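Numbering (mature numbering (1 follows the signal peptide of the UniProt record, and there is no 0)), first residue to last: -22 to -1, 1 to 267.
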């Protein structure tokens, strides 16, 4: 091989080696940069995780309320309250006030009690099961005679209940609406006249549904219940003035056994706000305070 040719080979080999070294150096630098960036991202994510507060656990409270309050509570009031107080979860249980009274007496862990009459609240308060200073006579309702939306044309007034062949009433033993019905009809001299045609429901919602399904020709429920099913029942008339000794009042209070009295008080306070009272009024209740 000539001298010049040998020199050219050596130069070519040197250039190839230089390029290889440069490539390795570039790859090493790239890998180093990538590793650095990855470490920075990991550190950032770790710091962000430390800076983000843990989700606060909700405190759960149980509200025991008269069946006639279910629609207002479930459809609007509870969602409104929880939007303002996301740290509090509210669950409602609904039945006749008498049944709820008995359940609380037997150990139901309710935080708030709202009845459809003062009798049940007064009884629990006398037994030491209510925080007395939290009692508020919040709402007023009316009792009305209803009939199925179609039929019952012979019924034109509350007193015309005697013309109905089948009548649904709340059981006076435990249902305030039934107690009010008995009181009004007794004062009108009609109670004894209808006994052979009456079937007693376990709560006012059951009475409403019986009339709505035409299983009964007439029934006595709260005005708010009748307003919730305008396509199924029609109101014949309110109990005449003077037929009830006292207005239909719904008191609310915090129970003495509440495990979360502060949260329970917050809910009772919320029910007294202007926005909550507007909701109650839209369901047919009046301010009872």
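Note that beta-carbon positions come from the ideal geometry of N, C-alpha and C, so glycine has one too. Computed from a prediction, not measured in an experiment: that's the story for all the values here.
| field | the stretch 36 to 54 / the stretch 86 to 106 touching (three or more Cβ pairs under 8 Å) | value | yes
| Three-state class that DSSP yields for residue 262 in the structure shown | coil
| request: Would you mind stating whether residue 309 and residue 71 have Cβ atoms separated by less than 7 Å? | output: Because the chain in this structure spans residues -22 to 267, residue 309 falls outside the shown range and cannot be described.
| query | How big is the Cα-Cα spacing for residue 82 and residue 128? | reply | 40 Å
| Residue range of the beta strand (DSSP E) that includes residue 179 | 176 to 179
| request: From the DSSP output, in three-state form, read off residue 57 for me. | output: helix
| Closest by C-alpha distance to residue 194, when choosing among 153, 161, 238 and 141 | 141
| Contact with chain C by residue 112, beta-carbon distance below 7 Å | Chain labels in this structure do not include chain C; a single protein chain is all it has.
| query | Whole-angstrom Cβ separation of residue 145 and residue 124, contact assumed at under 8 Å? | reply | Not confirmed; about 11 Å, so no contact.
| message | Going by DSSP, what residue range makes up the alpha helix (DSSP H) through residue 243? | response | 239 to 249
| task | Specify whether the stretch 198 to 217 and the stretch 55 to 72 touch according to this definition: at least 3 beta carbon pairs, one from each stretch, less than 8 Å apart. | result | no
| message | Quick check on residue 167: buried or exposed, where buried means 16 or more other Cβ atoms within 10 Å of its Cβ? | response | exposed
| field | Extent of the continuous alpha helix (DSSP H) to which residue 269 belongs | value | Because the chain here runs from -22 to 267, residue 269 falls outside it and cannot be looked at.
| query | Is residue 147 near residue 214, with beta carbons less than 7 Å apart? | reply | no
| said: Judging by CA-CA distance, which residue of 49, 252, 160 and 180 is the nearest neighbour of residue 221? | reply: 160
| Classification of residue 174 by the beta-carbon crowding that lies within 10 angstroms, buried from 16 upward | exposed
| request: Can you give me the start and stop residues for the beta strand (DSSP E) that residue 73 sits inside? | output: 66 to 73
| For residue 157, is the classification buried or exposed, using 16 other Cβ atoms within 10 angstroms of its Cβ as the cut-off for buried? | buried
| Are the beta-carbon atoms belonging to residue 238 and residue 39 less than 7 Å from one another? | yes
| query | Shortest alpha-carbon distance to residue 165 belongs to which of 85, 122, 255 and 223? | reply | 223
| When burial is assigned at 16 or more other CB atoms within 10 Å of the CB, is residue 252 buried or exposed? | exposed
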